[in-house]
Structures are given as structure tokens and as C-alpha cells.
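Everything below concerns the one structure shown next.
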Amino acid sequence: MNKKLLVALLFAVAAVLGLGHDTLAQNAPAAAGAADQPTILQGLKGLLVGLGVALVSLVISLGLAMYAIKLAIASFDTLTKDIDEQAELKKGNMAVGILLAAVIYAIANVISSGVAGLTNAIRPELSWTFVISVVVGLVNLVIGIKIATFAVSLAIKVLDKITVDIDEMKEIQKGNAAVAVVIAGVLIAVSFIIREGVEGISSILSAQNIASVLHVDTYLK
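The numbers in my numbering rise by one with no breaks, and the one at position 152 of the sequence shown is 1200.
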């Protein structure tokens, strides 16, 4: 990921966390000594904090989406070492286009659950919930990325073993769209199955479970 983009994301997260912390600190004395009804100013502050969190989540999602595309193209290069995909795409090779699109979709489909877990973990308040959720979200995202790239590679290798009379990569280079569609279907089907497994791992490695193991669940709200 671009270093400038990463730095911008970190500053954005820090700004939102700071705004949320200030809001909570300012609201605490008023809430302790006055009525429970929120004022218009407090409501606006809460709205701004929520909007800031949403914008940070959006920026992170966009950055990870670009990373997923880059990862998919790198995986495609590894799988098709004898094919110059850019040259083939310029020539209008439909088979290469279909296969590349399928690889991008398969990887994005698998890691999307990890991205959702990470962005949902972003909160304006500094707490054990936030820290543990972000760490767990990052771990789940890394797991999703590793499993996605492995699954795509494994699916193509297994298909190659099954279809012993067909050299899939040579057919793709020739522009055989039928072979490309079959491989694309296999990759997409595998991605949905693998995604369920990744979500199962994510549910086990949840913030609540980790907090319970670390005996800090009493701090979670």
C-alpha cells in the first residue's frame, strides 16, 4: 500500500479518536451534574464524530480495495508466468480478461469479511474494546488475504490435475473463452466456500473471546 496513503489513514484515525475522546471528556461532567437530555451542541458533536468514523472507514475500505486489486494481479502473474496479461488485454484476448476478472473477484470476495471486521472495529472512544477489536480485525484480514491467495492458486492447480488433456494456460493464451469461463466459475465457487470458512475463523477470533482469554472482559462495554 502507498506509504502516503497509509500515513494519511493513520492521521485520520488519530483525528477521529481525538475528537471522540474530547467529546466524551466534555460530556462527562455535564452528564454527571445535569439532566440526561442531550443538548443540540452535544448532538452535533456526536454527529460529527460518527461522520468522522464513517469517513475513516470509507477511506480504509477504498485503500484495501486497491490493495486487493493489486494482490489479485500479482497472483495472476504468478499463476500465468508464460502470459503477458497486459499485452494480451491490449490485443483483446477475452479469455485473459475473464480469468483476470475472476481472480480479482475471488480474492476480493474472500477478504471482504476481514475488511468489514476491521472497519467495524473503528470507534471514537479509546477503550479495550477498540484496541482488541482493531487487533483482531487486522489478524482476520491477514488470515483472509493468505487464505484467498492460497485458495486461488490451489483451485487452478487442482483443475489442471483433473483436466489432464487440457493445458489451461495455453488455451487461455490462445483466447479460448470457454476454458476461461470454466476456470472463472471454479474460482468464484471456491471463493464463496472459503469465505464461509474465513468468517467462521473470525467468529472464533472475536474481540469478546480474546478479551475473555486475556481476562479483560470486564472492561468491555
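Even for Gly, the Cβ is constructed at its ideal location relative to N, Cα and C.
Beta-carbon proximity of residue i to residue j, cut-off 7 Å
| i | j | result |
| --- | --- | --- |
| A1232 | A1150 | yes |
| R1243 | N1188 | no |
| I1159 | A1120 | no |
| N1224 | A1135 | no |
| L1112 | V1163 | yes |
Cβ separation of residue i and residue j, assumed to be a contact under 8 Å, to the nearest whole Å
| i | j | result |
| --- | --- | --- |
| S1239 | A1154 | 4 Å |
| E1247 | S1161 | 5 Å |
| I1191 | I1249 | 6 Å |
| I1146 | A1228 | 4 Å |
Minimum C-alpha distance to residue i - residue among the options
| i | options | result |
| --- | --- | --- |
| D1130 | K1222, I1159, L1089, G1162 | K1222 |
| L1207 | G1100, G1185, V1234 | V1234 |
| I1220 | L1096, T1087, I1195, G1140 | G1140 |
| A1237 | A1196, M1217, V1212 | A1196 |
| K991 | I1241, D1132, L1096 | The first residue shown for the chain is 1049 and the last is 1269, placing residue 991 beyond what the model contains. |
Reduced DSSP secondary structure (H/G/I, E/B, other) of residue i
| i | result |
| --- | --- |
| D1208 | helix |
| N1188 | helix |
| T1087 | coil |
| I1195 | helix |
| I1131 | coil |
| L1235 | helix |
| K1139 | coil |
| G1223 | coil |
| D1125 | helix |
| V1064 | With a pLDDT of 45 at V1064, under the threshold of 50, the modelled position of this residue cannot be trusted, and the question is left open. |
| I1214 | coil |
Chain E contact for residue i (CB, 7 Å cutoff)
| i | result |
| --- | --- |
| F1240 | Considering every chain present, this structure includes no chain E. It has just one protein chain. |
Problem set entry | Validate contact between the segment 1121–1140 and the segment 1199–1208 using beta carbons, cut 8 Å, 3 pairs | Judged by pairs of C-beta atoms under 8 Å, the segment 1121–1140 touches the segment 1199–1208, as three or more such pairs exist.
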